[in-house]
Amino acid sequence: MVNFRKYISSAAVLASGFFMAQSTVSTVLYSQNYDNQKSSLNLPSPVSTMVEKTVLSAKELVDINVNTMMADPVLKNATWGFVVYDPKTKKVISSYNENTPLVPASTTKLLTTETALNLLGENYRWMTQLEYSGTVDENGVLNGNLYVVGSGDPSLGTNKAGAGSYRDIISDFIGGVSREGIKKVNGDIIIQTALFKGNISMLPENVVWLENNNYYLPAGTTRGINPANEKLIVKKGGFSTDKKFFYVSPYAHQMVYAEKYEGDGILTTKIPDAPAYLANSFRTTLVKSGIPVTGKVTPKMTDAAPESRKMISAYKSPTLSDIVYYTNQHSDNSLAEALLRTVGFQKMGDQTSESGRIVVTDHLKDAGFDMIGLNYMDGSGLSRSNNVTPISQVKFLTSLMNEKYYRSYLTSLPIGGQSGTLKRMFIGEGNGQIFAKTGTLNKVKTLAGYLKTNSGKTLVFSLMVNNYSGSVDMVKKRMEKILEPALEL
């Protein structure tokens, strides 16, 4: 615990006494009117600002603000941690509970997106190709099959990060068919992709199920998960099939309905097959364009004796750098989970979240991440079983500053008062100076990233609050208050 009294010099007894009189924190229990009590919220008070700035350094003011918040009605019963770190000196400037493992919420995406950039590279792209087998005769009849070959593009058809829509991709495919002189397809349209197929066998433990008054289900099944130990809002005998049960897919732009209710509080969802949707839409468009297709759309995940094929058209996804930018700016859970599975597939040859978690944690170990207190359960931060310490976050962020992809990584972070999920924070002090990932779950608010001081220095910080009182907006105000004097460091 920070003790600010040691910072009051003997030469400033009178001034500091005046400051203490002006900034004593109310210790009354939390009430809805708390934020309207200016003297309680704005500490130290404007009356003493000139005195304290004359007497105290910026570091001392940071410590004082931290100490003040310990008695704040919104935070005093919360579990929270804070650290400001100097990446040049490799020293902690100010901290509180910096070694305490806390639920990081969406700041988990800092680990997921960095791992993807490190292992795949900024310019990595997913390819979705149209190919054909057989021959095209003099009448333009293709005696063979069309193949839609996917690679697990998480942005396919979503328009996210500049990705093309299904309509755009199909238009390119139709153009390719025309260039080949194909006027009829005497065969099937075969979907060939082994990525992200089927159901995920097990969801991360302690996933947040109910957010924004809707059930949230990542793709997978709740079978085998004990509702008594989780945040699953399903009770025996009290389950309503009329409720809207959603999950976010790695492909679809919208949330979609849970596929099946199995009884006893068990739901099953299925990852939508984006290549299948693309292939079916492509077939429909071909027929409408006057290019008949005699066969059907059919999947072929494995092919022991592949046909000789020629590529007609290839759609490239946005770069990984673009995907990471969209993921962090919008805190996109579906893209983050898809990145987790992508790194798992690239390193271990299988698309499960379990493989992704192994790859991420192995990468973090290799990168010298402080593993004490780390529990990495998913790629997005939806699980309340995720844990990380503030000090490990700042040291990790510091270590990235020498990486070749650091600029892309930094650019992906929301900017205080200006972009992404930080657009409505730091509207005044700190506007354009905070570059950080936000995290929000029920009674969890987190912020971690980089801070540009008024003197031009770059500092690294982490601030995580669990189990606070009051509203999330109240916590945001306290976070701004804690970080404000750090701008003068």
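Those letters in the sequence shown? Residues -21 to -1, 1 to 468, per mature numbering (1 follows the signal peptide of the UniProt record, and there is no 0), in order.
Each residue gets a CB set at the ideal place from its N, CA and C atoms; glycine is no exception.
Check	Outcome
Quick one: grab the DSSP three-state call for residue 482.	A query on residue 482 cannot be resolved here, the shown segment of the chain reaching from -21 to 468 and no further.
For Y429, which residues does DSSP report across the bridge?	F414, V439
Could you check what DSSP says for A293 in three-state terms: helix, strand or coil?	strand
Please specify which runs of the alpha helix (DSSP H), each continuous and at least 4 residues long, are wholly inside the region 332 to 383, giving them in chain order.	332 to 345, 369 to 378
Quick one: what does DSSP say K69 is sitting in, helix, strand or coil?	coil
Taking only runs that begin and end inside the region 147 to 172, name each unbroken beta strand (DSSP E) of 3 or more residues, in chain order.	168 to 171
Using a 10 Å radius around the Cβ and a threshold of 16 neighbouring Cβ atoms, would you call E110 buried or exposed?	buried
Using 10 angstroms around the beta-carbon of M124, count the other beta-carbons present and answer buried if the total reaches 16, otherwise exposed.	The amino acid occupying residue 124 in the given sequence is Asn; Met does not appear at that position. When all chains shown are included, N124 counts as buried.
Measuring alpha carbon to alpha carbon, tell me which of I43, S391, L54 ends up nearest V451.	L54
Quick one: complete alpha helix (DSSP H) runs, 4+ long, within the region 47 to 109?	88 to 99
Is P393 buried or exposed, if buried means 16 or more other CB atoms sit within 10 Å of its CB?	buried
Per DSSP, T137 is paired with what?	S144
By a C-beta neighbour count over all protein chains shown, 10 Å radius and 16 as the cutoff for buried, is A50 buried or exposed?	exposed
For R146 and A258, what's the separation of their Cα atoms in angstroms?	12 Å
Tell me whether G160 is buried or exposed, calling it buried when 16 or more other Cβ atoms sit within 10 Å of its Cβ.	exposed
Measure how close the beta-carbons of G360 and G418 come, nearest whole angstrom, since I'm counting them as under 8 Å.	6 Å
Keeping to the same chain, check which residues put their C-beta closer than 6 Å to that of M327; ignore five residues upstream and five downstream.	S334
Could you pull out every residue in the same chain whose Cβ sits closer than 8 Å to the Cβ of K455, ignoring the five residues on either side in sequence?	M404, K424
Between which residues of its own chain and L379 is the CB-CB distance below 7 Å, once the five residues before and five after are set aside?	E93, Y385, Y388
Is the region 81 to 93 touching the region 342 to 359 in the sense that three or more CB pairs, one from each, lie closer than 8 Å?	yes
Report buried or exposed for D311, applying the criterion of at least 16 other Cβ atoms within 10 angstroms of its Cβ.	buried
Per DSSP, which one or two residues make a beta bridge with L420?	V423
Between the alpha carbons of S36 and L466, how many angstroms are there, rounded?	12 Å
So T273 and G166 are supposed to be a Cβ contact under 8 Å. How far apart are they, rounded?	7 Å
Where L318 and N118 are concerned, what is the direct C-alpha to C-alpha distance, given to the nearest angstrom?	45 Å
Return the CA-CA distance between residue 476 and E316, expressed in angstroms with no decimal places.	Any property of residue 476 remains undetermined from this structure, which presents the chain solely from -21 to 468.
Under the three-state reduction of DSSP, which class applies to Y447: helix, strand or coil?	coil
How many Å lie between L353 and F261 at the Cα?	45 Å
Hey, Y355 and T368 are a contact pair by Cβ (cut 8 Å); roughly how many whole angstroms apart?	Incorrect: roughly 13 Å between the Cβ atoms, too far for contact.
Under the DSSP definition of a beta bridge, which residues are partnered with V272?	V164
Does the beta carbon of K374 come closer than 9 Å to any beta carbon on chain C?	The structure shown contains no chain C; it is built from a single protein chain.
May I have the straight-line CA-CA distance separating T58 from R457, to the nearest angstrom?	14 Å
Can you give the beta carbon distance from G129 to T68, rounded, assuming they're within the 8 Å contact cut?	That belief does not hold up - the Cβ atoms of G129 and T68 are roughly 49 Å apart, past 8 Å.
Nearest CA to the CA of S441: which residue from N76, K38, N56?	N76
Excluding sequence positions up to five away, which residues of its chain have a Cβ less than 6 Å from the Cβ of D282?	none
L430 and A95: beta carbons closer than 9 Å?	no
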